Amino acid sequence: MSAAAEATVLITHEVGLHARPSVKFTKLAKTFSAEVEVALAANGPWFDAKSIVKVMAAKAPKGTVLHIRAKGDGAGEAVGALVELVRRDFDEGVDHARTA
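For the sequence shown, position 40 (counting from the first letter as 1) is numbered 40 according to UniProt numbering, and the numbering increases by one without interruption.
Dropping the structure here:
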């Protein structure tokens, strides 16, 4: 059976999930082998969290509840890391990059 994880997090960053935050979000998602998806509502639509085009297209503003789910190896770690990145306002002005 494959590992799976899911969580929600409130976007508090002033510009929401746009340009720089989207790049940081997708770059972090890509460091995990798990399939990672994100949605703006619990019932979807869900889209690939590793796709900068799809993440930026969501245009999630400040105050949006982001739904994150993953399945496969490292699913829990992936969801946890992405939730923490959002909670830290996408590390704007601080370097908390994940190292391989």
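We treat Cβ as the ideally placed atom computed from N, Cα and C, and that holds for glycine. Remember, it's a predicted structure, so these values are computed and weren't measured experimentally.
CA-CA distance, V38 and T12? In a straight line, the C-alpha of V38 is about 17 Å away from that of T12.
With DSSP as the reference, please indicate the residues paired to E6 in a beta bridge. Beta-bridge pairing links E6 to R69.
Can you confirm whether the segment 49-62 touches the segment 10-28 when touching is taken to mean that 3 or more C-beta pairs between the two stretches lie within less than 8 Å? In this structure the segment 10-28 lies against the segment 49-62, because at least three pairs of beta carbons, one per stretch, are closer than 8 Å.
Cβ distance (whole Å) where V79 is taken to contact L66 below 8 Å: About 11 Å separates the CB atoms of V79 and L66; that is not less than 8 Å, and the two are not in contact.
In the DSSP assignment, find the unbroken beta strand (DSSP E) run with A34 in it and report its ends. For A34, there is no enclosing beta strand (DSSP E), as DSSP marks it with neither H nor E.
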